[in-house]
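Chemist: In my numbering, the protein residues as written are 48 to 440.
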């Protein structure tokens with residue numbers, strides 16, 4: 048490894064955008080939903096950290112490995128083996144998973160160069176997430192990353208703190224972009240959700256206006272994401288994106304009874320009934336999240352116009368991962384504990400920022416685990432993982 052450093056970004060874009068476009072962490076949203084600025088996975092490597100509770104993401108990454116490898120190979124040959132290749136992982140989070148994709152990319156590049164009898168390029172590996180991300184824990188795994196590389200080469204690791212809904216890199220500098228389980232998080236909570244008092248996200252009983260508000264925010268965010276990357280990427284560069292989506296159904300409001308945000312809403316409501324949380328405080332907590340359908344994603348990509356869709360896949364989604372060889376009752380308990388730990392690692396920073404000392408996080412996720420175990424036999428899963436690979440036109 049030749050170099051490790053943190054690169055900061057003092058500004059995003061300097062072009063003239065309308066007020067509607069300047070929505071990423073704007074003042075109005077920050078004052079109404081200040082917890083959104085705390086969005087980051089749980090820090091460190093303890094029992095409740097994201098690093099310890101991200102096996103699902105690791106398993107999803109193993110399923111998308113083929114897509115990532117194929118796009119890396121095609122990028123390299125189509126661009127005629129550049130001497131320097133810049134790769135970005137957007138929403139990298141923290142822990143060992145951060146380097147899994149980078150290892151696949153770097154080793155694929157080295158292997159293809161050897162196959163074609165080419166000198167290996169210098170590789171600039173850029174790890175991006177919000178400034179609140181735990182980059183320190185991530186960089187502790189650089190040694191293990193080096194051991195996974197198939198040969199010695201010039202590989203540079205850098206941290207790039209900033210929102211991927213803004214410009215992060217110089218014009219036409221990126222060759223390959225990867226992102227897993229990040230783009231479903233929005234830049235802000237949509238406006239106009241006041242009618243849904245006790246749910247943190249869309250449910251079957253939500254008004255249609257809530258779905259439209261979330262969809263509208265996702266459309267703004269995803270178009271901005273694509274536009275920013277189109278400016279940063281070279282022509283024929285590749286992008287592989289994996290995000291939580293949903294199966295296409297006639298009812299856009301439908302979320303099954305075991306949907307993870309539905310269960311979180313119910314668990315928070317349990318604390319309201321016990322008198323430990325106020326209903327007004329729970330009513331003002333909304334997830335900056337959207338799970339799009341395949342049609343919504345493809346429609347936005349085509350309308351934005353900078354990228355060609357190379358491939359699109361869907362995979363099953365189950366937060367109660369790696370629960371095997373046990374009775375149904377035992378399965379329910381273990382799946383509940385695993386799912387609760389996974390959701391806790393994703394939401395704890397926002398929950399604490401919003402509720403402060405009023406909330407007992409341990410109690411909340413014990414209730415969450417119990418509710419998951421009660422739905423262990425639920426087979427109707429609306430959530431899926433969407434994997435899309437894009438080519439910069």
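Every residue gets a Cβ at the ideal spot worked out from N, C-alpha and C, and that includes glycine.
Note that the coordinates shown come from a computational prediction; the quantities given were computed from them, not determined experimentally.
Can residue 148 be considered in contact with the ligand NAP, in the sense that its beta carbon sits closer than 7 Å to one or more heavy atoms?
Modeler: The ligand NAP is absent from the structure shown, which contains no ligand whatsoever.
Chemist: Are the region 173 to 189 and the region 79 to 88 touching, with three or more C-beta to C-beta distances below 8 Å?
Modeler: Yes, the region 173 to 189 touches the region 79 to 88.
Chemist: For residue 355, which of 271, 284 and 204 has the nearest alpha-carbon?
Modeler: Reading the chain shown from its first residue, position 308 is the one you call residue 355. Comparing Cα-Cα distances from residue 355 to each of 271, 284 and 204, the minimum goes to 284.
Chemist: Kindly indicate which three-state DSSP category residue 135 falls into: helix, strand or coil?
Modeler: Locating residue 135 in the chain shown gives position 88, where the first residue counts as 1. Note: residue 135 maps to strand in three-state DSSP.
Chemist: Looking only at C-alpha atoms, which of 159, 129, 195 and 168 sits nearest to residue 147?
Modeler: Numbered from 1 along the chain shown, position 100 holds the residue referred to as residue 147. With distances taken between Cα atoms, residue 147 lies closest to 195.
Chemist: Residue 208 bridges to which residues according to DSSP?
Modeler: Mapped onto the chain shown, residue 208 falls at position 161. Answer is 176, bridged to residue 208.
Chemist: State the start and end residues of the unbroken beta strand (DSSP E) segment that holds residue 268.
Modeler: Residue 268 sits at position 221 when you count from the first residue of the chain shown. Counting along the chain, residue 268 falls outside any beta strand (DSSP E), though it belongs to the alpha helix (DSSP H) covering 255 to 279.
Chemist: Quick check on residue 457: buried or exposed, where buried means 16 or more other Cβ atoms within 10 Å of its Cβ?
Modeler: Shown here, the chain extends from 48 to 440; a query on residue 457 therefore has no answer.
Chemist: To the nearest angstrom, report how far apart residue 387 and residue 305 are at their CA atoms.
Modeler: By 1-based counting over the chain shown, the position of residue 387 is 340. By 1-based counting over the chain shown, the position of residue 305 is 258. Taking the straight line from one Cα to the other gives about 12 Å.
Chemist: Go to residue 224, then tell me how far its beta strand (DSSP E) extends in each direction, as first and last residue.
Modeler: Against the chain shown, residue 224 aligns to sequence position 177. Its beta strand (DSSP E) spans residues 221 to 227.
Chemist: Could you tell me how far apart the beta carbons of residue 276 and residue 224 are, in whole angstroms, since I believe they sit closer than 8 Å?
Modeler: To locate residue 276, count along the chain shown from 1; it is residue 229. To locate residue 224, count along the chain shown from 1; it is residue 177. With a Cβ gap of about 6 Å, residue 276 and residue 224 count as contacting.
Chemist: Under a Cβ-count criterion, where at least 16 other Cβ atoms within 10 Å of its own Cβ denotes burial, should residue 163 be classed as buried or exposed?
Modeler: Translated into positions along the chain shown, residue 163 becomes position 116. With fewer than 16 Cβ atoms within 10 Å of its Cβ, residue 163 is classed as exposed.
Chemist: What are the complete beta strand (DSSP E) segments, minimum 3 residues, inside the region 312 to 399?
Modeler: 354 to 363, all fully within the region 312 to 399.
Chemist: Using CA atoms only, rank isn't needed, just tell me which of 344, 239, 167 and 226 is closest to residue 201.
Modeler: In the chain shown, residue 201 corresponds to position 154, counting from 1. Answer by Cα proximity: 167.
Chemist: Find out if the Cβ-Cβ distance for the pair residue 234, residue 212 is shorter than 8 Å.
Modeler: What you label residue 234 is simply residue 187 of the chain shown in a count that begins at 1. What you label residue 212 is simply residue 165 of the chain shown in a count that begins at 1. Against a cut-off of 8 Å, the Cβ pair of residue 212 and residue 234 comes out as a contact.
Chemist: As a quick exercise: from 440, 189 and 434, pick the residue whose alpha carbon is nearest that of residue 110.
Modeler: In the chain shown, residue 110 corresponds to position 63, counting from 1. Here the closest residue by C-alpha is 434.
Chemist: Between which two residues does the alpha helix (DSSP H) carrying residue 189 extend?
Modeler: On the chain shown, residue 189 is found 142 positions in, with the first residue counted as 1. 189 to 195 is the span of the alpha helix (DSSP H), which, as asked, contains residue 189.
Chemist: Apply the 10 Å Cβ neighbour rule to residue 246 and answer buried if 16 or more other Cβ atoms are within range, or exposed otherwise.
Modeler: If you number the chain shown from 1, residue 246 lands on position 199. Looking at its Cβ environment, which holds 16 or more other Cβ atoms inside 10 Å, residue 246 is buried.
Chemist: Here's the rule: buried if 16 or more other CB atoms are within 10 angstroms of the residue's CB, otherwise exposed. What is residue 427?
Modeler: For the purposes of this step, residue 427 is taken as residue 380 along the chain shown, with counting starting at 1. Exposed is the call here.
Chemist: Name the one or two DSSP bridge partners that residue 149 has.
Modeler: Stepping through the chain shown from its first residue, residue 149 is reached at position 102. For residue 149, which the question treats as bridged, DSSP gives no partner whatsoever.
Chemist: Could you tell me the alpha carbon to alpha carbon distance between residue 222 and residue 360, rounded to whole angstroms?
Modeler: Reading the chain shown from its first residue, position 175 is the one you call residue 222. Reading the chain shown from its first residue, position 313 is the one you call residue 360. Cα to Cα, the separation comes out at about 22 Å.
Chemist: Just to confirm, are residue 175 and residue 136 a CB contact at a threshold of 8 Å?
Modeler: Along the chain shown, one-based indexing puts residue 175 at 128. Along the chain shown, one-based indexing puts residue 136 at 89. In this structure, residue 136 lies closer than 8 Å to residue 175 by Cβ.
Chemist: Give the DSSP-derived three-state secondary structure of residue 98 in the structure shown.
Modeler: As a first step, residue 98 must be located in the chain shown, where it is residue number 51. Of the three classes helix, strand and coil, the one that applies to residue 98 here is coil, per DSSP.
Chemist: Going by the CB atoms, is the gap between residue 382 and residue 419 shorter than 8 Å?
Modeler: Here residue 419 corresponds to residue number 372 of the chain shown, with the count starting at 1. Here residue 382 corresponds to residue number 335 of the chain shown, with the count starting at 1. It is a contact, given that the beta carbons lie within the stated cut-off.
Chemist: Evaluate the contact criterion for the region 398 to 415 versus the region 251 to 266: three or more CB pairs, one atom per stretch, below 8 Å.
Modeler: These segments do not touch.
Chemist: On a Cα-Cα basis, can you pick out the residue from 412, 319, 397 and 417 that is closest to residue 84?
Modeler: For the purposes of this step, residue 84 is taken as the residue at position 37 of the chain shown. Closest by alpha carbon: 397.
Chemist: In whole angstroms, what separates the C-alpha of residue 82 from that of residue 335?
Modeler: Translated into positions along the chain shown, residue 82 becomes position 35. Translated into positions along the chain shown, residue 335 becomes position 288. So the alpha carbons of these two residues sit roughly 10 Å apart.
Chemist: Just tell me which of 130, 173, 114 and 186 has its CA closest to the CA of residue 142.
Modeler: For the purposes of this step, residue 142 is taken as the residue at position 95 of the chain shown. Per the Cα distances, 186.
Chemist: Please classify residue 245: does DSSP put it in a helix, a strand, or coil?
Modeler: Here residue 245 is taken as the residue at index 198 of the chain shown, counted from 1. If DSSP states are grouped into helix, strand and coil, residue 245 belongs with coil.
Chemist: How far does the beta strand (DSSP E) with residue 47 in it extend, from its first residue to its last?
Modeler: Any question about residue 47 goes unanswered here, given that the chain covers just 48 to 440.
Chemist: Step through the CB atoms of chain B and report whether any lies within less than 8 Å of the CB of residue 261.
Modeler: Any reference to chain B falls outside this structure, which holds one protein chain only.
Chemist: The beta strand (DSSP E) with residue 435 in it runs from where to where?
Modeler: On the chain shown, residue 435 is found 388 positions in, with the first residue counted as 1. It spans 430 to 439 - the beta strand (DSSP E) in which residue 435 sits, taken as one unbroken run.
Chemist: Which of the three DSSP states, helix, strand or coil, is assigned to residue 305?
Modeler: Counting from one through the chain shown, the residue named residue 305 turns up at place 258. Coil at residue 305, not helix or strand.
Chemist: Within 10 angstroms of the Cβ of residue 385, are there 16 or more other Cβ atoms? Answer buried if so, exposed if not.
Modeler: Position 338 of the chain shown holds residue 385. Burial call: buried.
Chemist: Give the secondary structure of residue 106 by DSSP, where H, G and I count as helix, E and B as strand, and everything else as coil.
Modeler: Start at 1 with the first residue of the chain shown, and residue 106 comes out as number 59. DSSP places residue 106 in helix when its eight states are reduced to three.
Chemist: Return helix, strand or coil for residue 90, following the three-state DSSP convention.
Modeler: Position 43 of the chain shown, counted from the start, is the residue given in the question as residue 90. Three-state DSSP puts residue 90 in coil, outside helix and strand.
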